[in-house]
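The block underneath contains the structure these notes are about, expressed in structure tokens.
In mature numbering (1 follows the signal peptide of the UniProt record, and there is no 0), the protein residues as written are -21 to -1, 1 to 325.
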């Protein structure tokens, strides 16, 4: 992609996210979401491959429909209350429509079908943006309106997302699809607690962004998109693969890594809110996700040469691991000792 075009797209993404995050009027929030959508579409389709074009079209249609529903929801609320303020969402129909629209934008169940296919058709860096930066504006809107939304509906969607994200990721061989279902599962954890503790949702999203960025950048360094290719990546960068395995275990939520912190706090908060069955269900469903994370970790480092593989070894250039990957990986693995300081802000 032309450097000037890339600069325009990156600036538009930052601008759209800033507008949505800082607005208190529905029209401005909708404008920021549209700027984000228009900025990411050329980045999805830049390879001109039929799969990339298909992914861009699917993404555009879903996001356009969700944006239209958000605008429709805000108009209904303004019609009944005379308010365009995001915090003044009181009409029940508007709340239901907004929940549907945000679920479509985030990829929550039952509006998740587009997300794995779009991620599979995108380059790794674009897939990273779709999994992290593009989720931030809808989550901000969800945070601002969390007091007005139906907690029972959000809990049902969250448990369904965690279950489906873990179940559908079990039999995948494409790493981008596995990470897409991982994203759906983590969104379930963020959604279930948003009504009771919005700060905890934001902390979970930030830690998820940290760990996912480290994984995507590591995979991009190795140019790895399939599990069989991941087995042969050990010979290129053994140290990077070792830290990738630890980051995957952190994303799975295993102690003593930082990924354990948000799940522990969410289960604790759900228990305080007398939602012990929901907390138990989420903890059991996380075992499904743990299985495919362990599978990825096994393919990353435990399956080592000279074990025979059916994968053709490709020519490659040894890339130097940059400082950003080293920093993100270190934070993803070693941040848990700072958790007492994080607890004071929640």
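The beta carbon of each residue, even a glycine, is placed where N, CA and C say it ideally should be.
Note that the coordinates shown come from a computational prediction; the quantities given were computed from them, not determined experimentally.
- Comparing C-alpha distances from residue 169 to each of 243, 175 and 183 shows the shortest one belongs to 183.
- In this chain, the alpha helix (DSSP H) harbouring residue 45 covers 29 to 60.
- For residue 141 and residue 160, the gap between their C-alpha atoms comes out near 9 Å.
- Between the region 89 to 100 and the region 19 to 39 there are three or more C-beta pairs closer than 8 Å, enough to call the two in contact.
- Between the region 122 to 142 and the region 229 to 239 there are fewer than three inter-stretch CB-CB distances shorter than 8 Å, so the stretches are not counted as touching.
- The beta carbon of residue 74 sits closer than 7 Å to those of 68, 127, 128 and 129, all from its chain and outside the five residues before and after it, given in chain order.
- Judged by DSSP in its simplified three-state form, residue 252 adopts coil rather than helix or strand.
- Shown here, residue 4 sits in a strand according to DSSP, grouped into three states.
- Check the Cα spacing between residue 110 and each of -14, -9, 273 and 187: the tightest is with 187.
- At the C-beta level, residue 253 and residue 175 stay beyond 8 Å of one another.
- Residue 272 counts as buried, since at least 16 other C-beta atoms from the protein chains shown sit within 10 angstroms of its C-beta.
- As computed with DSSP, residue 153 is found in a beta bridge with 205.
- Looking at the backbone, the Cα of residue -10 and that of residue 117 are separated by about 16 Å.
- Per the coordinates, the alpha-carbon of residue 156 lies some 23 Å from the alpha-carbon of residue 44.
- Linking residue 55 to residue 47 through their CA atoms gives a straight-line distance of about 12 Å.
- A straight-line Cα-Cα distance of about 10 Å links residue 257 and residue 263.
- The beta-carbon distance between residue 154 and residue 205, rounded to whole angstroms, is 6 Å. This is short enough to meet the 8 Å contact definition.
- For the set 148, 88, 309 and 101, the Cα lying nearest the Cα of residue 225 is the one of 309.
- Shortest Cα-Cα distance from residue 189 to any of 178, 144, 107 and 207 involves 107.
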